[in-house]
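Visitor:
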Amino acid sequence: MNSENMNFVTLTNGRAANLESIPTLEFKDFSRAVIDKVATGGRVAAMFGAASHQPAVTHIYAIIADDSQNRLCVTRTSVEGCEFESLTPQCPQVHMFEREIAEQFGLKPIGHPWLKPVRYHRSWTNRDAWGRSAGKAIQPAVCDFYRVEGDEVHEVAVGPVHAGVIEPGHFRFQCHGEKVLHLEIALGYQHRGVEHAIAGGPDKRSIHYAETLAGDTTVAHSTAYCQAVEALSRCQKTAHAQMLRGVALELERLANHIGDLGAMAGDVGFLPTSSFCGRIRGDVLNMTALLCGSRFGRGMIRPGGVGFNINDMLAEELLKRLTAVEKDTTIAINMLWDTSSVMARFEDTGSLPKNIAVELGVVGPAARAAGLTQDVRQDQPSGIFRFIHVPVSTYDTGDVFARAFVRWLEIQHSFEFIREQLDTLPAGEISVPLNPLTPNSIAVTLGEAWRGEVCHAAITDEHGRFARYKVVDPSFHNWPALAYVLRNQEISDFPLCNKSFNLSYCGNDL
Amino acid sequence: MFKTILARLQQGHRTMKYPDGPAPALSDRFRGRPAVDANICQNGCRLCLEACPTDAIKISDNEVNIDLGRCLFCGECAKACPAGAIRLTGDYRLAVRNREDLKITANRQTIKLAAALEGKMKKLFGRSLKLRQVSAGGCNACEADTNVLNTLAWDLGRFGIQFVASPRHADGLLITGPVTQNMKLALKKTYDAVGEPKIVIVVGTCAISGGPYIGHEQVNDGIADIVPVDLYIPGCPPHPLTILDGLLRLLDRKTPELFDNSDKVRQS
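Residue numbers (my numbering), protein chains in the order written: chain A, 1 to 510; chain B, 1001 to 1268.
1. In whole angstroms, what separates the C-alpha of V1064 of chain B from that of A102 of chain A?
2. Do the segment 191-207 of chain A and the segment 272-280 of chain A meet, that is, are 3 or more Cβ pairs less than 8 Å apart?
3. Name the two residues that bound the continuous beta strand (DSSP E) containing M313 of chain A.
4. What's the C-alpha gap between D1263 of chain B and M300 of chain A?
5. Provide the residue(s) that pair with P109 of chain A in DSSP beta bridges, ordered along the chain.
6. Could you pull the DSSP bridge partners for V472 of chain A from this structure?
7. Between which two residues does the beta strand (DSSP E) carrying E184 of chain A extend?
8. Based on Cα-Cα distance, which residue from A:E26, A:P433 and A:G307 lies nearest to E230 of chain A?
9. Between A:F387, A:S294 and A:H121, which has its C-alpha nearest G188 of chain A's C-alpha?
10. Whose C-beta lies closer than 8 Å to the C-beta of P1082 of chain B among residues of the same chain, with five residues either side of it excluded?
11. Over the uninterrupted beta strand (DSSP E) stretch that includes P1272 of chain B, give me the two end residues.
12. In chain A, which residues lie with their C-beta within 7 Å of the C-beta of I1072 of chain B?
13. Just to confirm, is the Cβ distance from G1167 of chain B to A1193 of chain B under 8 Å?
14. Quick check: the segment 149-159 of chain A against the segment 171-179 of chain A, are at least 3 beta-carbon pairs closer than 8 Å?
15. Sort A:L291, A:H182 and A:T273 by Cα distance to G350 of chain A and report the nearest one.
16. Are the segment 462-473 of chain A and the segment 248-256 of chain A in contact at 8 Å, needing three or more beta carbon pairs?
17. At what residue ranges does the segment 1154-1197 of chain B contain a whole run of the beta strand (DSSP E), taking only runs of 3 or more?
18. Kindly identify the DSSP beta-bridge partner or partners of H121 of chain A.
19. Based on Cα-Cα distance, which residue from A:N126, A:W124, A:Q104 and A:W130 lies nearest to W114 of chain A?
20. Would you kindly work out how many angstroms separate the C-alpha atoms of D493 of chain A and A483 of chain A, rounded to a whole number?
21. From this set, B:L1250, B:R1031 and B:G1137, which residue's C-alpha is nearest G1119 of chain B's C-alpha?
22. Would the C-beta of G364 of chain A count as close to the ligand PLP, meaning under 7 Å from any of its heavy atoms?
23. For K499 of chain A, which residues in the same chain have their Cβ closer than 6 Å to its Cβ, ignoring the five residues on either side in sequence?
24. Could you confirm whether any beta carbon from chain A is found closer than 8 Å to the beta carbon of K1003 of chain B?
25. From the DSSP output, read off the bridge partner residues of M47 of chain A.
26. Compute the Euclidean distance between the alpha carbons of M1016 of chain B and F296 of chain A, then round it to the nearest angstrom.
27. Quick check: the Cα distance between T1004 of chain B and G1012 of chain B, rounded to an integer number of angstroms?
28. Using only the alpha-carbon positions, how far apart do G169 of chain A and C1052 of chain B sit?
29. Using a Cβ-Cβ cutoff of 9 Å, what residues of the segment 1227-1251 of chain B are near chain A? List them in chain order.
30. Would you say R192 of chain A lies against chain B (beta-carbon separation less than 8 Å)?
31. My assumption, with CB atoms under 8 Å, is that A224 of chain A sits in contact with G447 of chain A. Please give the rounded CB distance.
32. Mind checking R981 of chain B: buried by the 16 CB within 10 Å criterion, or exposed?
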């Protein structure tokens, strides 16, 4: 216990700490501490590099969520030179984080089993982990892929431009007949340099970066951003603002979960639910637009509170619409469980075993569908969720059905939550003024977005500007899980498996 | 089967009457085309310009100019204006044929809305337009609200407009996103794969100018001169109604017109 105290500083979600309070461990102690912490139930919420005052020295921070204790354990180390010993062989949860550090800071994790770029961009330093020359263009997904060879084994390549109205990504399947032996996913096509651009802020564009990290997760990401700014600015939001943030977040969850269940119905050719849910999703987006003028919640969450107030008349209108939407949704979605042709496709497809979900660090409905009782609203609550408890919805089969059913359970809880909040409107200001950000500090914020855990970590410099701003979208944790569940599946089940995760390309690519 | 029929009856017929009937009601807080009141603008205070996250506002000849091709419709300028000279109206109609038409000034409050395709192009595409969508960066909100047009509430298919799976099947492209460096090549290849004659529609502020990512070295600041553009639909993201209005204008379909001083769009 004592040595653990020395290895980590304990934070709670949405609280800032002085940078000096974070221990800087020797690399081998850092490595040991992170691996041990994860082995005893910790979860890597983020691991990232940050520049130090010396160009040759890079800090690596690790933020481990200790869900059983409702706390965040933060530690760091310094790496001098251009390499460090990879933790991935002993701690697969950091697999993508180490690839990201390699790409952003040109530090090579020695012993990493699959060291490839994440987003295909030039490093932020003058080092390059792959020794690419500065003059040579970096082409996305132009690299070796994992390859299976043998009689009748073939490769299927899909993307970056897909058949539907969706984001770009490249999928490489190794198949034997219809059976998928291995899938490798190469992303980075959506990379627009957001993390790098937020550094130096906050400025007038920062909130818009937060709102567009992943357009369908605008509320969760902008809330995480605002909480980080508020923590660093030592400002206390009003209960009224926190309630409105909670309502906006649950509306976002409703719209996306309902849309996902419709899309999954569409992928198995069950058109009634597909058609109904597509329309109902729009009804929910329009409720968000009633709040703030934007169907995606743009303008709703602002540092210090919220951008728009709600009055009795608006609350009444929202409640009226909520009742109608709830009725339509219940009928549309319950048809899925009553239809044997749907259940035949959903059950036992794309199963994610619980132990693999833990090893990969999967978050959100995908983790809960695999039997993990893990939800930021319960484990690391902030804002309204410190006062109102939303039950965690889990299932244990880890298949497409489980991911669909967990969404349905969450939909019902969100309806209940929104109704309760709108019924009991607290009075108060919607926004409080901000102070300048505390210099040389770190704030970590977590939120349970509809897709899973959103994590933001903000580190300020001596002037109170962002020296480093780290964003982890839930998709960053979950893309490897999608690749995993495709093993030994029919390739024709890929769209269904994909939809059951519905991961974000832009949230991953930033 | 019986349950399915019952559910179908319960859900009812939900396709909207627009464009033959009125447009669906938008939120009172909807932020559409900005308007500048020259009479009360304290020229030269520059507060709106400083508040704008994407430098969409310029002041030239003592007059406020707003470039809707850069505007995120966030309303920060309206909040910053001490005189209340800028406001975001409820006008959702924003699609234009030329990039320059997206610029509004105090003297030119309305924008020159998109004219229909002409001659052979209208004859070819007016009743059947197949589009390939290319997402080239951005946040997926434009894609989501484009996709919404395929739901039964909007039922894009009734206008003969359809999204197809291959550029080889398409009459043109609908492009979203600031065009990341990593998508530039794929976008060009997709454009080249569409047979002539073809049209290009860009949806969202990102695709027009780069949006929140203007100036990032990782993006191309929108479509620029990568491919020629036939229709610009601004917004962050544009409302589905804005996108549909633009598509219908391009194809010379009737849309509800009348527009009065209170900035409310009514049925003609």
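The beta-carbon is built from N, C-alpha and C at its ideal position, and this holds for glycine as well.
Guide: Let me lay it out:
1. 46 Å
2. no
3. M313 of chain A -> not in any beta strand (DSSP E); alpha helix (DSSP H) instead, spanning D312 to D338.
4. Interpretation of D1263 of chain B is limited by its pLDDT of 46, a score under 50 that renders its predicted location unreliable; no figure is taken from the coordinates.
5. A:F84
6. A:C455
7. K179 to A186
8. A:P433
9. A:H121
10. Q1042, C1045 and L1047
11. This structure leaves residue 1272 of chain B out entirely; chain B is present only between 1001 and 1268.
12. Here the sequence assigns Leu to residue 1072 of chain B, which means Ile is not the residue at that position. Those are H208, listed as they occur along chain A.
13. The sequence given here has Pro at residue 1167 of chain B, not Gly. Yes, the pair counts as a contact, with Cβ atoms nearer than the cut-off.
14. yes
15. A:H182
16. no
17. 1161-1163 and 1172-1176
18. Answer by DSSP bridge pairing: none, since H121 of chain A is not bridged.
19. A:W130
20. 12 Å
21. B:L1250
22. Of the ligands one can find in the structure shown there are none, so the ligand PLP has no counterpart to examine.
23. A263, M264 and D267
24. yes
25. A:A62
26. 21 Å
27. 12 Å
28. 32 Å
29. C1236, P1237, H1239 and P1240
30. yes
31. 5 Å
32. Residue coverage of chain B in this structure runs from 1001 to 1268, which leaves residue 981 of chain B outside it and unanswerable.
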